[in-house]
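Have a look at the structure below before the remarks.
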Amino acid sequence: MKPILCFGELLIDFLNFNSAHEGGFDLPEFRQYPGGAPANVAAAVARLEAPARFVGQVGDDRFGRFLTDAMVQLGVDMTYLGVHPSAHTPLAYVFLDDDGERSFEFLRKASADVLMTPEDLPIPAFEGAGLFHFCSNTLTDVAIARTTEAAVAQARRVGATISFDVNLRHNLWPKTTVDPAVIDRFLRLADIVKVSKEEADWIEASGFPIEEWLDTVKAIWVTDGGGDIRVLTRAGDLLVTPPAVKAVDTTAGGDAFSGGLLRALNGRELSHLSQNELEQITQFAAACGAKAVSRAGALPSLPTWSEVSDHWPFDA
């Protein structure tokens, strides 16, 4: 089985569970978790007993060391992780509402991940990769977008299938608004796209119709929380209903879905898959996502192979 290579941010999620009342103040309490969308996907792949590599950059600080150790413990190949000598590891504060839905505050200005240059990319990391996965948080400014484009080009050179999770975070972009033209440009570099319905609606309202992505993209998965998942291909559309679960924390739900999706697609040519096979692959990915949202934290909530193997769409 070829390795799945994930590129992007590896950060600390400080997750707010409750508050303590002290000295007349309600003081939020936070617990430290490993996080970052592409890092979560790499960990999800590894938890599903497939080879996973990660490329990105952390700071030479206690947070960076904590994250590296956590990813190694989860089974991700961290050989190619960069360590910036002076920039800090990125941090995110995650607040949950009563339904487990998230809001974010990021400490990411001039952090190690966004200072990675094309020259910093470890070319050996791409060798033998079957899939290359990235997200939009490495498109937020010109410099890191240039590095991401170089990484996509290198993945294409080695014959990897390109996966893009749109994963919009408006407050990470200049003027706190995503540039839809940048998203559209990188969407068209991908073979596989995962996007939430809310994100797809926003991109379409910005003048970039989702159906036009199929000019270059082979398959698009549109998720909708606990609602039906829409799968778009040039052969047609299908709808898949995910398992119903009580959401505790949705932080890693989409990343667990992506990990399951990539695990199932690894080594398979998209154009050769039937609609029935795509439906079963989507059901497997949805089972992975459902398991993750039923537990707290990002990486700790990701399902193991034994927890979801009954949903595997192919013969063992």
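For the sequence shown, my numbering begins at 10 and goes up steadily by one. C-beta atoms are modelled at their ideal positions from N, C-alpha and C, and glycine is treated no differently.
Tell me the DSSP bridge mates of residue i?
i: Trp314; result: The partner list for Trp314 (beta bridge, DSSP) is empty, contrary to what the question assumes.
i: Ala228; result: Ile201 and Thr242
i: Gln66; result: Gly91
i: His30; result: Asp35
i: Thr170; result: Leu140
i: Leu105; result: Arg111
i: His22; result: It should be noted that the sequence gives Asp, not His, for residue 22. According to DSSP, which records beta bridges pairwise, Asp22 is partnered with Tyr42 and Ala101.
i: Gly236; result: Asp233
i: Asp86; result: Arg62
i: Leu308; result: Note: Leu308 sits in no beta bridge, so no partner.
i: Val249; result: Ile238
Would you identify the three-state DSSP class for residue i, choosing helix, strand or coil?
i: Lys300; result: helix
i: Val254; result: coil
i: Thr77; result: helix
i: Leu287; result: helix
i: Gly175; result: Checking the displayed sequence, the identity of residue 175 turns out to be Val instead of Gly. In the structure shown, Val175 sits in coil (DSSP, three-state: anything other than H, G, I, E or B).
i: Leu57; result: coil
i: Leu282; result: coil
i: Leu181; result: helix
i: Phe135; result: helix
i: Arg71; result: helix
i: Pro47; result: helix
Which residue comes first and which comes last in the beta strand (DSSP E) that contains residue i?
i: Arg40; result: Phe34 to Gly44
i: Ser112; result: Arg111 to Leu116
i: Leu14; result: Ile13 to Phe16
Return the residue from the list the options that minimises the CA-CA distance to residue i.
i: Leu20; options: Arg197, Gly73, Ile13 and Met10; result: Gly73
i: Ile290; options: Ala253, Val257 and Ala228; result: Ala228
i: Ala48; options: Ala199, Ala261 and Arg40; result: Ala261
i: Phe113; options: Asn180, Ile201, Ser120 and Pro60; result: Asn180
i: Arg272; options: Gly298, Arg178, Val191 and Trp182; result: Gly298
i: Phe16; options: Ile153, Arg40 and Gly168; result: Ile153
i: Val161; options: Asp70, Asp246, Ala134 and Asn176; result: Ala134
i: Phe104; options: Asp174, Asp70 and Val257; result: Val257
i: Thr156; options: Leu274, Gln66 and Leu308; result: Gln66
i: Gln41; options: Phe63, Leu76 and Gly32; result: Leu76
i: Ala96; options: Tyr89, Leu124 and Ile201; result: Leu124
i: Leu100; options: Thr259, Asp86, Ala119 and Asp246; result: Ala119
i: Val302; options: Cys144, Lys255 and Trp321; result: Lys255
i: Arg178; options: Arg117, Gly91, Ala214 and Glu136; result: Arg117
i: Ala199; options: Ser215, Thr170 and His281; result: Thr170
What residue does the alpha helix (DSSP H) around residue i start on, and which one ends it?
i: Ala159; result: Val151 to Arg166
i: Ala209; result: Lys206 to Ala214
i: Ile192; result: Pro189 to Leu196
i: Ala265; result: Gly262 to Leu274
Please tell me whether, using a cut-off of 8 Å, the distance from the CB of residue i to the nearest non-hydrogen atom of the ligand COA is below it.
i: Asp246; result: The ligand COA is absent from the structure shown, which contains no ligand whatsoever.
Q) Any contact of the segment 73–82 with the segment 125–139, i.e. 3+ C-beta pairs under 8 Å? A) no
(Q) For the structure I just gave you, are there three or more beta carbon pairs, one from the segment 49–63 and one from the segment 298–317, closer than 8 Å? (A) yes
Q | the segment 200–212 touching the segment 228–239, judged by at least three CB pairs closer than 8 Å | A | yes
Q) For the 8 Å Cβ check, are there 3 or more pairs between the segment 134–150 and the segment 181–188? A) yes
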